[in-house]
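According to the numbering used here, the sequence shown is numbered sequentially starting from 18.
From the three backbone atoms N, C-alpha and C, an ideal C-beta is built for every residue, glycine too.
Accompanying notes for the structure given below.
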Amino acid sequence: MKKVNLGVLISGGGSNLQSIIDHIESGRLDARIKVVISNAPGAGGLARAERHGLKHLVVNHRDFPSREDFDQRLVDILNENEVELVILAGFMRLFTGVLTGAFPGRIMNIHPALLPAFPGAHVWQTTVDYGVRFSGCTVHFVDQGTDTGPIIIQAVVPVLGDDDADTLAARILKQEHRIYPRAIQLYAEGRLKIEGRRVTVQPLDKSLDPDFLINPPLDN
Ligand code: GRF
18 MKKVNLGVLI
28 SGGGSNLQSI
38 IDHIESGRLD
48 ARIKVVISNA
58 PGAGGLARAE
68 RHGLKHLVVN
78 HRDFPSREDF
88 DQRLVDILNE
98 NEVELVILAG
108 FMRLFTGVLT
118 GAFPGRIMNI
128 HPALLPAFPG
138 AHVWQTTVDY
148 GVRFSGCTVH
158 FVDQGTDTGP
168 IIIQAVVPVL
178 GDDDADTLAA
188 RILKQEHRIY
198 PRAIQLYAEG
208 RLKIEGRRVT
218 VQPLDKSLDP
228 DFLINPPLDN
């Protein structure tokens, strides 16, 4: 199976990055991480990249005169590293058309709510305060808006009566770690098709695997 080249953008602890690394290392995700970029110096995710021998660097947004200049630097680094799919994993910067225009349909984001409910920041507190009974997480393709792109996969969790922002965040995060690698694997298998707002998942085409050919095909 061909491996998809990833560039992972982070700002914080990088637990989603870790989950992607773990899935790759255990052979459950046909991808390779070409570069990890943090806009925040000292982000915990950088140490994770270091531990796993992954190329990692800081591109501090404060060093750039405009959002566009910052995004252009990201695009240049991603292209230099032959990145095919850009993974936003807790990347806390608003991006411009410079980034989305360079990777149309090739940027994914994870958001800790059931979009289109509760987009934006401070999600867990807003969710608890609103009093909804269920929340969850969403992996979506990135378009020009904030958390508005076509949805690839979602997981639902209950919101319990005694939840605060932290307990809810922890429950959601566990599911994030499951669905993000899954979304990337579907991409790697060439099975995601964007049609307007909708993402369809094509059946697995076993003939794509050059390692074997079985006819009639196996069920799984
Ligand atoms: C996750 O909840 C993600 O959904 C949100 O920021 C958090 C990042 O966590 N966008 P981590 O850095 O992957 O641990």
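Can you tell me whether DSSP reads residue i as helix, strand or coil?
i, result
"residue 87", "helix"
"residue 21", "strand"
"residue 231", "coil"
"residue 96", "helix"
"residue 157", "strand"
"residue 126", "strand"
"residue 210", "strand"
"residue 165", "coil"
"residue 215", "strand"
"residue 110", "coil"
"residue 61", "helix"
"residue 40", "helix"
"residue 194", "helix"
Step through the CB atoms of chain C and report whether any lies within less than 9 Å of the CB of residue i.
i, result
"residue 38", "Among the chains in the structure shown there is no chain C, since it carries only a single protein chain."
Contact check, residue i vs residue j under 8 Å by CB: the rounded distance?
i, j, result
"residue 48", "residue 172", "That pair is no contact at about 20 Å."
"residue 105", "residue 159", "7 Å"
"residue 130", "residue 145", "With a Cβ gap of about 11 Å, residue 130 and residue 145 do not count as contacting."
"residue 123", "residue 102", "5 Å"
"residue 116", "residue 88", "4 Å"
"residue 34", "residue 62", "5 Å"
"residue 153", "residue 189", "6 Å"
"residue 137", "residue 164", "7 Å"
Let's test the definition: count the other Cβ atoms within 10 Å of the Cβ of residue i and tell me whether it reaches 16, buried, or not, exposed.
i, result
"residue 157", "buried"
"residue 74", "exposed"
"residue 97", "exposed"
"residue 230", "exposed"
"residue 51", "buried"
"residue 46", "buried"
"residue 18", "exposed"
"residue 251", "Nothing in the structure corresponds to residue 251, since the chain is present only between 18 and 237."
"residue 187", "exposed"
"residue 241", "Here the chain covers residues 18 to 237 and nothing more, so residue 241 does not appear."
Since residue i sits in a beta bridge, which residues does DSSP pair it with?
i, result
"residue 175", "151"
"residue 55", "27, 75"
"residue 103", "24, 124"
"residue 115", "Bridge partners of residue 115: none, in fact."
"residue 140", "According to DSSP, residue 140 bridges with nothing at all."
"residue 49", "22"
"residue 170", "156"
ask   = Touch check for the segment 171 to 190 and the segment 213 to 222: three-plus C-beta pairs under 8 Å?
value = no
query = Between the segment 20 to 30 and the segment 50 to 62, do at least 3 Cβ pairs fall closer than 8 Å?
reply = yes
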